[in-house]
Structure formats: structure tokens, C-alpha cells
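Asker: I have a structure here, written as C-alpha cells, and I will follow up with some questions on it.
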Amino acid sequence: MFGLDSKLVTLMIGCTLGVWLTSGHMTEGAKRIFQKLLVILAPLSLICLVAFSISGNVLGKGLFYYGFTIIALLAAALVLDVMVSQQSILKRFLEMKWLVWIGSISYGLYLWHWPIFLRNDLHLPL
1407 MFGLDSKLVT LMIGCTLGVW LTSGHMTEGA KRIFQKLLVI LAPLSLICLV AFSISGNVLG
1467 KGLFYYGFTI IALLAAALVL DVMVSQQSIL KRFLEMKWLV WIGSISYGLY LWHWPIFLRN
1527 DLHLPL
């Protein structure tokens, strides 16, 4: 259920987007078209992703049939917006110094989150 085989489509969406963006095959004409589309699509994608994460498992079993694919496509639209559009609000937000700093220490935060949560569950003193 949570294996890589159940999310193959989502991995392929991300891989395809990454290869396409870094291969240099995107023409300037395609870039301009995407910039125009992403003015509407990126905020809509962000709203949908926030709604998905707030509402939880609203799709039930549909999450495994088509939900992960929809979420991957919405996330791909945001990645495309950040990579293609110079006027992207999300790009400007992600370039804020405090977010860049958190990103630079995020792996350390990831490593330490489990012992901290475990300590809270066991009610151990600091």
C-alpha cells in the first residue's frame, strides 16, 4: 500500500518533469506558454494541495487509485512555476532568507525529530 510500486506514476511524473526541465528541450515559446498558464494554474494547485493536506484522507480508497496522481500533478505544476516563471510569488516566497536557512538545516531537523517526538511520548525530561 505504501510501497514504491503503488506510487510509480507519481515518481514518474516528478522524474519526467525533472528530466524535461534540465535537458534544455524546453523552447522559449513553450516557456512563454507555460508562464501564461501558470499564472492561474499555480495558485489553483497550491489551494488544492493545501485543501488536500487540511482535509486529510478525504478521498478514502480513491487516494490510492487516483489521488496520489492528482497530488503529484498539482505539485509538478508548482515546481514548474518556480522553475519557469520569474514573477512567481511562490518562488519569491521560497527565496526568503529564513526559509533558505531552514532548508540548509532541514536534514538535521529531520534526523532529530524522531528522538524529540519519542521523548514527548515517553514524558521524559529534557
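For the sequence shown, the tail end lands on 1532 under this note's numbering, and the numbers increase by one without skipping. For each residue, glycine too, the CB sits at the ideal point set by N, CA and C.
Whose C-alpha, out of 1487, 1510, 1458, 1414, is nearest the C-alpha of residue 1439?
Answerer: Along the sequence shown, read from residue 1 onward, the residue named residue 1439 stands at position 33. The shortest Cα separation from residue 1439 among 1487, 1510, 1458, 1414 belongs to 1487.
Asker: Any beta-carbon of chain B closer than 8 Å to the one on residue 1467?
Answerer: Checking the listed chains, one finds no chain B in this structure; it contains a single protein chain.
Asker: Rounded to whole angstroms, what's the CA-CA distance from residue 1494 to residue 1482? Just pull it up for me.
Answerer: As a position in the sequence shown, residue 1494 is number 88, starting the count at 1. As a position in the sequence shown, residue 1482 is number 76, starting the count at 1. Computed Cα separation, rounded: 14 Å.
Asker: Measure the alpha-carbon distance for residue 1419 versus residue 1524 and round it to whole angstroms.
Answerer: Mapped onto the sequence shown, residue 1419 falls at position 13. Mapped onto the sequence shown, residue 1524 falls at position 118. It is roughly 35 Å from the alpha-carbon of residue 1419 to the alpha-carbon of residue 1524.
Asker: Where does residue 1503 fall in DSSP's three states?
Answerer: As a working note, residue 1503 is residue 97 in the sequence shown. In this structure, residue 1503 counts as helix in the three-state DSSP scheme.
Asker: Would you mind giving the Cβ-Cβ distance between residue 1427 and residue 1489, rounded to the nearest angstrom? I have them listed as a contact below 8 Å.
Answerer: Locating residue 1427 in the sequence shown gives position 21, where the first residue counts as 1. Locating residue 1489 in the sequence shown gives position 83, where the first residue counts as 1. Yes, residue 1427 and residue 1489 are in contact; Cβ-Cβ is about 5 Å, under 8 Å.
Asker: So which of 1453, 1459, 1518 has the shortest CA-CA distance to residue 1484?
Answerer: To locate residue 1484, count along the sequence shown from 1; it is residue 78. Closest option to residue 1484, Cα to Cα, is 1453.
Asker: Quick check on DSSP: helix, strand or coil for residue 1514?
Answerer: Mapped onto the sequence shown, residue 1514 falls at position 108. Here residue 1514 sits in helix by DSSP.
Asker: Can the beta-carbon of residue 1416 be found closer than 8 Å to that of residue 1499?
Answerer: The residue given as residue 1416 occupies position 10 in the sequence shown. The residue given as residue 1499 occupies position 93 in the sequence shown. No, the Cβ-Cβ distance between residue 1416 and residue 1499 is not below 8 Å.
Asker: Give me, in chain order, the residues of the same chain whose beta-carbon lies closer than 7 Å to that of residue 1458; leave out the 5 immediate sequence neighbours on both sides.
Answerer: Taking the first residue of the sequence shown as position 1, residue 1458 is located at position 52. Here residue 1458 has 1477 as same chain residues with Cβ atoms under 7 Å from its own Cβ, once five neighbours each way along the sequence are excluded.
Asker: Express the C-alpha separation of residue 1471 and residue 1446 in angstroms, rounding to a whole number.
Answerer: In the sequence shown, the residue the question calls residue 1446 occupies position 40. In the sequence shown, the residue the question calls residue 1471 occupies position 65. Distance between the alpha carbons of residue 1446 and residue 1471: 27 Å.
Asker: Skipping 5 residues on each side, what residues in its chain have a beta carbon closer than 8 Å to that of residue 1423?
Answerer: Position 17 of the sequence shown, counting from 1, holds the residue named residue 1423. Within the same chain, residue 1423 has close Cβ partners 1482, 1485, 1486.
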